[in-house]
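Residue numbers (the numbering used here): -8 to 99. Just below is one structure, and these are the notes that go with it.
In structure tokens, the structure reads:
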């Protein structure tokens, strides 16, 4: 089975959601916005993460380089494109208000 992680990044914290290739929710947590904290959580999972998705923003370069250095494939997405894709999805008719679905969408 293939697993993906989606990150919702702010300056202080990162919300992490992990789904499988069927779109099933596996795990979620909130950690500090430090590469070491994100990597420690992802490495501590029983699942091997194929790729990590996050939106372009203030912390993008810092997290992208750190996650890549730790061996993760990182996919950076532009916020408006993510919002448009999620709004078109039947899974979340409330757009950005559906936090878990928002994160799951970034995983896909």
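Where a beta carbon is used, it is the ideal one built from N, C-alpha and C, also for glycine. The model shown is predicted, which means the values in this text are computed figures rather than measured ones.
Backbone secondary structure at residue i - three-state DSSP
| i | result |
| --- | --- |
| residue 60 | helix |
| residue 2 | coil |
| residue 20 | strand |
| residue 47 | coil |
| residue 35 | helix |
| residue 84 | Any reading at residue 84 is ruled out, since the residue's pLDDT is 37, under 50, leaving its predicted position unreliable. |
| residue 28 | helix |
Counted within 10 angstroms of its Cβ, other Cβ atoms place residue i as buried (16 or more) or exposed
| i | result |
| --- | --- |
| residue 56 | exposed |
| residue 15 | exposed |
| residue -8 | exposed |
| residue 130 | For the chain, the structure presents residues -8 to 99; residue 130 sits outside this window and is missing. |
| residue -4 | buried |
Distance between residue j and residue i (C-alpha atoms, nearest Å)
| i | j | result |
| --- | --- | --- |
| residue 6 | residue 69 | 17 Å |
| residue 36 | residue 71 | 30 Å |
| residue 24 | residue 10 | 21 Å |
| residue 18 | residue -6 | 11 Å |
| residue 28 | residue 52 | 16 Å |
| residue 61 | residue 75 | 30 Å |
CB contact flag (residue i, residue j, <8 Å)
| i | j | result |
| --- | --- | --- |
| residue 30 | residue 58 | yes |
| residue 0 | residue 54 | yes |
| residue 22 | residue 44 | no |
Residue i CB to nearest heavy atom of the ligand HEM below 7 Å
| i | result |
| --- | --- |
| residue 11 | This structure does not include the ligand HEM; it has no bound ligands of any sort. |
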